[in-house]
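Going by my numbering, 735 is the number at position 735 of the first sequence; the sequence numbering is gapless. Taking it in order: structure first as C-alpha cells, then the write-up.
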Amino acid sequence: MDEPAQDAPDDQADSIDRWTKVWAERRVFEADGLVEDTGDDRPRRYIVTMFPYPSGDLHMGHAEVYSIGDALSRFSRLRGHNVLQPIGWDSFGLPAENAALRMDRDPREWTYDNIEVQAEGFRRLGVSFDWRTRLHTSDPDYYRWNQWLFLKMYEQGVAYRGEATVNWCPKDNTVLANEQVIQGRCERCGTLVEGRSLTQWFFRITDYAQRLLDHMDHMPHWPDDILAMQRNWIGRSEGASVDFEVEGRDEPLTVYTTRPDTLFGATFMVVAADAPIAAELCADEQRAEFEAYQARTWAASDIDRLSTERAMTGVPLGRHAVNPVNGERIPMYASDYVLAGYGTGAIMAVPAHDQRDLDFARAMGLPVRTVIDTGEPDPAETWVATTGDGTMISSGDYTGMGSSDGNEAIVADLDARGLGRAAVNYRLRDWLVSRQRYWGTPFPIVYCEACGEVPVPYEDLPVVLPTEGYDLRASEGMAPLDSAEDWWRVDCPRCGQPARRDTDTMDTFVDSAWYFLRYPNPDYVDGPFDPRGIERWLPVTEYIGGKEHAILHLMYTRFFTMFLHDEGMLHFEEPFDRLTNQGQVIMEGAAMSKSLGNLVDLQDQIARFGPDAVRVTMLFAGPPEDDIDWAHVSPAGSVKWLARVRRVAEDVGAASPAGGDGHLETRKGVHRLVHEITELMETRRLNVAIARSMELTSLLRKAVDGDPGPADAAVLEGAEALARIISCFAPFTAEDAWAALGREASVAEHGWPEVDEAMLVVESVTCVVQVDGKVRDRLDVPPEIGEDELRELAVASAGVQRQLDGKSIKRVVVRPPNLVNVVIG
RNA sequence: GCGCGAGUGGCGGAAUUGGCAGACGCGCAGGCUUCAGGUGCCUGUGUCCUUCGAGGACGUGAGGGUUCAAGUCCCUCCUCGCGCACCA
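This is how it looks when you write it as C-alpha cells:
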C-alpha cells in the first residue's frame with residue numbers, strides 16, 4: 001500500500017504507448033459522422049486550435065495551446081457532445097525555403113519531415129485529435145483550392161492586379177504586406193523595409209470594411225481587446241472629401257479631412273512625395289528638386305519614420321490650388337509626412353489646428369491662420385496646434401458657429417456647389433497577396449501577348465509547383481519561379497500561343513484563411529470543402545490560438561467567410577462563434593528566445609516530468625489568456641499531485657468494494673466538488689477546476705486512510721469521478737487510474753460524473769456575524785432559518801455581546817442564512 | 001499621442017449578481033516515516049499587537065465617494081503590460 005511513487009520515465013513511456021494504442025484502436029476521439037448523418041443526435045461541437053507551422057519539433061507554446069484546446073474538447077466529449085477536434089499543418093512558408101537554402105535540401109523534405117516529428121509529438125502529448133481531418137496546405141490537393149478560390153474572387157473582381165508602392169524586404173527579396181512590417185522592419189528577419197513599385201495581386205478586403213466593423217457589435221464571445229485591435233486596424237473615420245481646383249489642371253485635387261470646420265485655416269496643400277500625383281503636379285522648374293526629394297523619400301522613408309523627433313522636410317511643387325470656401329490661392333508642396341496610401345494621398349494643411357501641419361509650416365515659413373477658438377493660446381505664437389473643437393473665427397459667414405455645426409454647414413454648402421461631400425474613410429487597405437517566393441501556392445494566371453491576363457481553366461487546376469529546375473537563390477527583383485523556365489513557359493489556355501505563368505506565389509495567409517472549412521472532409525474533390533461537412537460542423541464552436549493573429553489571420557478568415565457566404569457557399573458570415581487567446585509561455589519575465597539563452601525545451605520537460613505533468617502545469621498556472629512564466633510554476637508539484645491521484649486509485653482498486661451508496665459525508669463531499677468542477681469547466685476556469693480536483697484528491701486520500709476506508713462505495717464513486725475529470729488535463733494518468741480501479745478502457749468513453757442533487761443539500765451552513773461590518777462570530781445554522789430567528793441568535797452570540805458592551809443596537813441587517821450585520825455605530 | 005487591459009501574501013493565482021479576502025499550488029519552517037533522500041505523510045505560514053483567549057488592530061497600487069457592508073460599484077491619480085502609432 002505504501003509503494004513509492006511510480007513516475008519514472010520508463011513507466012511514462014509505457015503508459016503513453018499503451019494508451020495511445022488503445023485510443024487509436026477504439027477510435028475514441030473520432031467524431032461521429034464527419035459528413036454523413038449517422039443518426040447520432042448528440043449536440044455537435046467543433047473545437048479548433050490554430051494549426052501549427054512545421055518549423056521543427058513542438059515547443060512550449062504548442063504544449064500550452066493544445067493543452068487548452070484538448071481540455072475543452074475532452075470535457076465537451078465527456079459531457080455528451082459529438083466533438084470534432086481537427087488537426088492539420090500550415091506547411092507553406094518562408095522558413096522552409098530558408099532552411100532548404102541553409103541545408104541544400106528540397107523545402108518539401110524539410111517540411112514533411114517536421115510534420116512527422118510534430119505529429120508524433122502530438123501523439124505523445126495525448127492530444128485527442130480526430131486524425132482523419134489531417135491536411136497540409138502544401139499538398140497540391142489542398143492548394144489547388146486556393147487557386148480555385150482565387151479564380152472565384154477574380155471573377156467577382158475581388159482579386160485584382162494593381163501597380164503599387166509595396167514594402168520590399170531587401171534581405172528576403174520579397175514584398176511584404178503592411179501587416180508584416182513591424183516598426184518599419186521585416187517581420188521575419190528584422191531588415192529595414194524599402195519602398196518599391198510593382199504590379200501585384202490584391203484582394204479587395206476594403207469593400208468589406210464596414211461589414212467587418214458592423215459584425216463586431218454582435219460578437220460577444222470574442223475578447224474585447226481583439227475586437228478593439230481589429231476596429232483600430234480598420235480605422236474608420238468620418239469627415240468630408242473636398243475638391244480643390246488646381247491651377248493649370250482640369251481635374252480638381254480631392255482631399256479627405258475630418259475637420260471641414262478648419263477649412264478657412266488651410267494655408268497650403270501637401271501631397272505625398274511618393275504618390276504618383278506628386279510627380280504629375282510638379283511644375284517643370286521644380287522637377288529636379290522634386291525628383292531628388294522623391295528619391296530620398298523612396299530610399300529612406302522607413303528609416304526616418306523610426307526617429308521620433310525628425311525635422312519636417314518637403315519641396316514646393318511650384319503650383320497653386322484654390323481654397324473652395326474663400327477662393328484663396330494656396331501653394332502646394334510634396335512631403336513625406338503625408339502618406340500615399342491613406343485617403344487620396346493629399347491633404348489640405350491647417351497649421352493652426354494640426355501639429356504636423358504646424359511643424360511643416362514652421363520649417364517652410366508658411367503662414368498660420370487660427371480659425372478655431374478653443375480657449376487655448378494662439379498656435380501662431382506658441383507653435384502648439386490647438387486640435388480640439390471650439391468656436392469658428394475668421395471664417396466668413398460661418399464665424400461664430402461651433403465646430404460640429406460648422407462641419408455640417410460647410411459640408412452641406414460644398415455639396416450644394418458640387419465641391420465636396422460627406423465621406424467615410426478607412427485605414428484598412430487591400431490585401432496584397434503576391435509573394436516573390438517559391439514555397440507557396442502558384443497563381444492560376446497566364447500572361448499571353450495576345451490575350452493578356454488569362455485565368456487557368458478550373459479543369460486544369462492545380463497549377464503544381466515545379467519540383468526541379470528552379471533556383472531558390474533568385475537574383476534581386478526576381479521571383480524564384482522566374483528561374484523555372486520549363487515550368488512557366490506554357491501555351492495560352494485561350495489562344496494556344498506561347499505564354500508565361502505568373503511566377504509569384506500567394507501569401508500563406510490565404511492558405512489559413514479557410515482551412516477550418518476543409519477539415520470535415522480533407523479529401524473532397526468537388527470543391528474546396530464538402531457542403532455536408534459545413535452543414536454539420538460549421539461555424540466553429542470555439543477557436544483557440546495566440547494573440548499574435550489578432551489582426552491578420554482573424555481578419556482574413558472573416559473576409560473569406562463573408563466572400564464565400566456571398567457566393568452562396570456558406571450559411572454563416574462569421575467563422576468563429578467563440579475565440580480564446582492563450583497567453584505566451586515566457587521565462588523570467590522575458591519571451592523565450594535562442595539569443596537570450598532562456599529556451600525551455602518541451603521534449604526535455606516531457607522527459608523529466610511526463611506529458612501529463614507538463615499539461616497540468618500549463619493549465620494550473622493561471623487563466624488560459626494569461627502568460628505563463630515557466631520559472632514561477634512547478635511541474636514537480638504537478639508530478640506529485642498526479643502520483644497522489646494514481647495512489648488513491650490503486651488503494652481503492654485493491655480493496656473489495658462494499659455495496660450501497662457508501663459513506664454519506666464522503667459522498668456529499670464528492671458530489672459538491674464534482675458539481676463545482678463541472679461549472680468551472682463550463683466557464684473555462686480550468687486552473688480553478690484543477691484546484692478543486694486537487695481538493696477532491698485530498699478528500700479521497702483522507703477517506704481511504706481514515707473513515708470510511710478504501711472499501712466504500714462512496715470512495716470508489718469519488719475515485720472514478722476523479723479519473724474521469726482529470727482525463728481532460730492528464731489523459732494518461734486518468735487511464736492508469738481508471739485501470740487501477742478495475743474499469744475497462746477508455747475512461748474517455750465513460751462520460752462525465754453525474755451529480756446527485758440530493759447530495760448538494762446541506763443541513764447546516766456557517767453564518768457570519770458582523771458588528772459594524774467586521775466579523776465577530778460564526779454560527780452554524782440550518783439553511784432554511786428565518787430572519788427573525790437568525791437575528792435573535794446573532795445578537796445573543798458571544799462575539800456580538802462582547803462588542804456591545806452596553807451600547808445600543810441601531811440596526812440589524814439580516815441576510816439568511818449567510819450573514820448578519822449588527823450596526824451599533 | 002490614441003485604444004485595450006491589469007495592479008491581491010515571498011511567488012503563480014482564488015474570491016467578479018457588493019456579503020468570511022488570500023481557495024488550490026509553489027516556496028519556506030517544524031515534525032513523523034526512512035539505512036539514506038531532490039521520497040511519502042502530518043502541521044504551520046498576510047502584517048503587526050497581545051495579558052497567547054474562541055482576543056485585537058491593520059490589510060487587495062494611492063486618495064476620495066456611495067453603502068449596514070467595497071478587491072468587487074463611482075470619481076481623481078499613479079504604475080505596469082499589450083496593441084496601433086505622422087491615418088489628416
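Note that beta-carbon positions come from the ideal geometry of N, C-alpha and C, so glycine has one too.
In this structure, Asp-772 keeps its C-beta atom at 7 angstroms or more from the C-beta atom of Gly-799. By the CB criterion at 7 angstroms, Trp-148 and Leu-552 fall outside the cutoff. If you compare the alpha carbons of Arg-79, Ser-237, Gln-582 and Tyr-112 with that of Gly-622, the shortest gap goes to Gln-582. Taking 7 angstroms as the cut-off, the beta carbon of Val-315 is found closer than this to the beta carbon of Ala-334. The beta carbons of Gly-751 and Leu-125 sit no closer together than 7 angstroms. In this structure the region 506-520 lies against the region 83-94, because at least three pairs of beta carbons, one per stretch, are closer than 8 angstroms. In the structure shown, the three-state DSSP call for Pro-442 is strand. Under the three-state reduction of DSSP, Met-219 is assigned to coil, being neither helix nor strand.
If you check the CB distance, Asp-243 and Leu-419 come in under 7 angstroms. The three-state reading of DSSP puts His-671 in helix, counting H, G and I together. In the three-state reduction of the DSSP assignment, Pro-455 falls in the strand class, which pools E and B.
Restricting attention to beta strand (DSSP E) runs no shorter than 3 residues, the region 563-639 encloses them at 576-582 and 585-587, ordered along the chain. Annotation for Leu-58: Gln-118, Gly-121 and Leu-602 place their beta carbon closer than 6 angstroms to its own, counting only its chain and skipping 5 residues before and after.
Non-local beta-carbon contacts of Met-332 in its own chain, meaning distances under 6 angstroms to residues more than five positions away in sequence, involve Met-269, Leu-317, Arg-319 and Ala-321 in chain order. When C-beta atoms of the region 244-257 are compared with those of the region 222-230, fewer than three pairs fall below 8 angstroms, so the two segments do not count as touching. At a cut-off of 4 residues, the continuous stretches assigned as alpha helix (DSSP H) that sit fully inside the region 712-775 are 713-726 and 731-740. The beta carbon of Ala-730 lies closer than 7 angstroms to those of Asp-612, Arg-615, Val-616 and Leu-642 in the same chain, with the five residues before and after it left out. The alpha-carbon of Ala-748 is positioned some 17 angstroms away from that of Glu-682. DSSP, reduced to helix, strand and coil, places Asn-326 outside both helices and strands of the structure shown, so it counts as coil.
Secondary structure of Ala-273 (DSSP, three-state): coil. A direct Cα-Cα distance of roughly 56 angstroms separates Ile-205 from Gly-669. The three-state secondary structure of Ser-335, taken from DSSP, is strand. Looking at Ile-690, Asp-756, Pro-498 and Thr-666, the one whose alpha-carbon comes closest to that of Ile-677 is Ile-690.
Per DSSP, Ser-91 is not a residue of any alpha helix (DSSP H), being assigned neither H nor E. Straight-line spacing of the CA atoms in Pro-455 and Asn-521 works out to 27 angstroms.
Ser-483 sits in a helix when the DSSP states are folded into three classes.
Residue nearest to Met-562 within the set Asp-629, Tyr-208, Arg-231 and Arg-647 is Tyr-208 (criterion: CA-CA distance). For Asn-821, the enclosing beta strand (DSSP E) has its first and last residue at 819-823.
Rounded to whole angstroms, Ala-721 and Tyr-66 show a C-alpha spacing of 24 angstroms. The alpha-carbon of Glu-735 is positioned some 18 angstroms away from that of Val-715.
In the structure shown, Tyr-556 adopts helical secondary structure according to DSSP, grouped into three states. Rounded to the nearest angstrom, the gap between the Cα atoms of Val-814 and Lys-807 is 19 angstroms. Taking 8 angstroms as the upper bound for CB-CB distance, Asp-629 and Ile-586 are in contact here, some 5 angstroms apart. Between Ala-272 and Gly-345, the CB-CB gap stays under 7 angstroms. Along the region 352-393, the alpha helix (DSSP H) occurs as fully enclosed runs of 4 or more residues at 355-364 and 379-382, listed in sequence order. One Cα belongs to Glu-376, the other to Ala-385, and the distance between them is close to 9 angstroms.
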